[in-house]
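According to the working numbering, the stretch in the sequence shown is residues 845 to 1648, in order.
Note that CB positions come from ideal geometry on N, CA and C, so glycine has one too.
Just so it is clear, the structure is predicted and the values come from calculations on it, not from any experiment.
Following: one structure in structure tokens, then a few remarks.
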Amino acid sequence: MSEVEGVVQGHRDGHGFVLRDGEGDVYLSPQEMRSVLHRDRVRVRIVRYDRKGRPEGRVLEILERRRTPIIGRLLHENGVWLVAPEDKRYGQDILIPKNATGSATAGQVVAIELTEEPSMYSQPVGRVTEVLGEIDDPGMEIEIAVRKYEVPHRFSPETLAQAAGLPDKLRPADRRHRIDLSDVPLVTIDGEDARDFDDAVYCEPHASGRGKSAFKGWRLVVAIADVSHYVKPGDALDEDAYERATSVYFPRRVIPMLPEKLSNGLCSLNPLQERLSMVCDMLVREDGEIHAYQFFPAVICSHARLTYTEVAAILGNTRGPEAARRAELVPHLLHLHEVYRVLLKHRGNRGAVDFETTETQIVCDANGRIDKIVPRVRTEAHRLIEEAMLAANVCAADFIEQHKHPALFRVHEGPTPEKRVTLQNYLRALGLGLSVSDEPTPGEFAAIAAATKDRPDAQQIHTMLLRSMQQAIYTASNSGHFGLAYEAYTHFTSPIRRYPDLLVHRVIKALLAGKRYRLASGALEEAPRTRSAGKAAKAHPQEMELWEGAGAHCSANERRADEASRDVEAWLKCRYMRDRLGEEFSGTVTAVTSFGLFVTLDALYVEGLVHITELGGEYFRYDETRQELRGERTGVRYVVGSRVRVQVSRVDLDGRRIDFRLVQEGAEMRVLGRRGVQGKAVDSEPRARGRRGRKGGEPIRESASAGVTADMPSADTPPVDRPHAGVPAGADERSLRDTADASASADQPATAVEQLQALKEESRAHKAAARTARKTGARKSAARKTAAAKSAAKAAARKTKQRD
């Protein structure tokens, strides 16, 4: 058998997998997992394959063990001190010697480092290095998450010293070689709770030229904070910013990419303060096409700090009180709205995919606990800013592409062949008359979304469309943005909170100066020329490798930040629902799996699992094509979008899980809405029986409503371009696979023919059992009738004897 290397991913049920790049994962049994830890890099030998062709391995060597602290609760049980890791994927508790607990007391959350590694016959041993506090302390869930996901949350002393040495306001030297736009009435439009302001906008009607060269449309100015002026390559500020790669947003707290003096002060486009910026100045035609653009460094002064709510009110009523307070800005806001409408129309003509998702905002109390969860209303003001930022980003990508300079593009590819086939089968099963081709285009997705928006199962269809797409990533190899229907797209508009945007700024500045930006050194070099005059030379392969590495780093850290935010949100929601055990709520099915239903509650926007054992005393079949569970006896069907009523039955704070059970009336489940799409189901999974012994391994899954934390600035990022777009919300696909496959028997049929044969045999067995039951019932019925007849005859005889 072959030997392979990879990274261990533990599972809270005790088993694990070795993840290999571009290849299938290798299963590790619970016994093999005793000698390794989650995230170890190992070499394993494949010892066998199950009937589905899935490999199982044996650990040969631990190549690398991560030395990061492990977070957990310190417990004292039967005289033994131990730490139960917060991340259940570690799979085993860590023993703590009595003299290694430090100042910690039982029940506290601590960070530990290992002193003795685990083996096949012994548990790992560690010592306490940091005491975080009590589990109920305000903000403890954030302290746990930043360490659990290894989010850098402390700036180095060198970085803090460098930030402290920066000026509090602009110096005369900062203004050199910049255009002064301080008289242009640019404004920032952000959420009420925003503290850092990356972008300011301005728009005015514009007409020029005569005849065929005449132009009529709008001049759209997007000014972005010039972070690259203060954060230089190789500086301590730059090293810390690259390590973080993004700001991380939690309810009531932000872990910024840059120190507060920069993020909220010197770089932030605060109102009525002069700031350095990089400007994208665009001319937009009446059909929404960008006619021309230019980039240049400038000095600006934001004339007002506006909120989305305020701008939406002004656009909705230009004679209202909000408009009266901002009377001098109302004409410019109306021009912004005009250019937004033509940009939006052009977006539709381009075939960009646009899904309307329900986003939520967590409102916390003074103790950091959830006070309420409310839907985040997406107004015309949000969309206005989104379209302006999209226009600036696509101009930045085009500018870099024209100069053939390496940079980080935001790439979003179409569905993989496997996801495409799944989506085609799903659409075919619905009988819509609409599908996607073997080479899908954004326009096909947009057409399906538009054609089904008024259907009762629109949410289900749009969810399947979104999940069929891949995640957007940062890469130096531009292959376009599928969801937005752009041939080239990048991120330029948020350098305060995203490192890729900062790199794009540096590249644009270098190109404006006629030079090339070298990522390795951060230096600017003279741009070499090819034999064809005016064409820039291609980047060296080594340079491209560095850019690809930077893209992979930024993409990974973006996902890490998203996972940490979701983990905190899930913890808060579990804590919130713990006080509502036993209460009943109406909800909507947001996902269907082979092990149950995920339901989002209407009033609370919290999601939980209705396990298949809670669906009633009958067999349920999971139809992967239709994404539904169907009961064999009653025919009841559960699909995405089904309306149900549930009761909160269990809350697992450590596992971040909420369990529901369906509310029953008599013997039938009460289903509030439609029961699914009618038609014959395809038995694509083994049958699951209600009230059977519950198997572990359901994935941790957050709200499918794409929950957004309180401070998250999301208006400049469409839903399809966010890190969790294209993935089932909360749980990733591997987690779903873990549940479906790891708990399945190793000797299940491997091929479609074998699966069909097994299902036929199973069906014959059930029919035979039913016939036997009927025969047995008939014999018993006949015996009962004979006994009843004999009893009646005896009674009649007694009565006759009494009369005589």
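Counting every other CB atom within 10 Å of its CB across the protein chains shown gives residue 1071 a total of 16 or more, marking it as buried.
DSSP places residue 1067 in the strand class (E or B) of the three-state scheme. Look at the beta carbons and you see the stretch 1243 to 1261 touching the stretch 1354 to 1368: at least three pairs across the two are nearer than 8 Å. Contact fails between the stretch 1227 to 1237 and the stretch 1417 to 1431, because fewer than three Cβ pairs, one in each stretch, are under 8 Å apart. Judged by DSSP in its simplified three-state form, residue 1239 adopts helix. Restricting attention to beta strand (DSSP E) runs no shorter than 3 residues, the stretch 921 to 947 encloses them at 924 to 929, ordered along the chain.
Residue state for residue 1398 is assigned as helix, using DSSP reduced to three classes.
Under DSSP, residue 1433 shares a beta bridge with 1443. Per the C-alpha coordinates, the member of 1435, 1343, 849 positioned closest to residue 1091 is 1343. The stretch 1252 to 1261 and the stretch 1184 to 1195 do not touch, with fewer than 3 CB-CB distances between them shorter than 8 Å. Residue 984: member of the alpha helix (DSSP H) spanning 984 to 992, first to last residue. Between residue 1007 and residue 1105, the gap from beta carbon to beta carbon is short of 8 Å. The stretch 966 to 977 makes contact with the stretch 933 to 945; the number of CB pairs closer than 8 Å reaches 3 or more.
The shortest C-alpha to C-alpha distance from residue 1080 to any of 1043, 1316, 1009, 1044 is the one to 1009. Here residue 1475 carries a strand assignment [DSSP, helix/strand/coil]. Residue 1059 places its beta carbon less than 8 Å from that of residue 1135. By the neighbour-count definition (other C-beta atoms within 10 Å, threshold 16), residue 1471 is a buried residue.
Each of 1275, 980, 1035 was checked against the Cα of residue 1154, and the nearest Cα belongs to 1035.
Residue state for residue 1032 is assigned as strand, using DSSP reduced to three classes. The beta-bridge partner set that DSSP reports for residue 1041 is empty. Taking all protein chains in view, the Cβ of residue 965 is surrounded by fewer than 16 other Cβ atoms within 10 Å, so the residue is classified as exposed.
For residue 1140, the three-state secondary structure derived from DSSP is strand.
Taking C-beta atoms under 8 Å as the contact rule, residue 1495 and residue 1425 qualify, at a distance of about 7 Å. Annotated as distal: residue 1083 and residue 1063, with beta-carbon spacing of 8 Å or more. The Cβ-Cβ distance between residue 1144 and residue 1025 falls below 8 Å. Between residue 1462 and residue 1477, the C-beta gap is smaller than 8 Å, which places the two residues in contact. Per DSSP, reduced to three states, the secondary structure at residue 1109 is helical. One Cα belongs to residue 1113, the other to residue 1045, and the distance between them is close to 11 Å. Taken in chain order, the whole alpha helix (DSSP H) runs of length 4 or more contained in the stretch 1321 to 1369 are 1343 to 1356. Rounded to the nearest whole angstrom, the CA to CA distance from residue 1246 to residue 1365 is 23 Å. Residue burial annotation: residue 882 is buried, with at least 16 other C-beta atoms found within 10 angstroms of its C-beta.
For the pair of segments examined, the stretch 916 to 925 was found not to touch the stretch 885 to 901: the number of CB pairs separated by less than 8 Å stays below three.
With contacts defined as CB atoms closer than 8 Å, residue 1183 and residue 1123 fail to qualify as a contacting pair. Per DSSP, the beta bridge partners of residue 1453 are 1442, 1503. With the rule of 3 Cβ pairs closer than 8 Å, the stretch 940 to 955 does not count as touching the stretch 898 to 910. Taking the Cα of residue 1337 as reference, the smallest distance to any Cα among 1065, 1056, 1458, 847 is reached at 1065.
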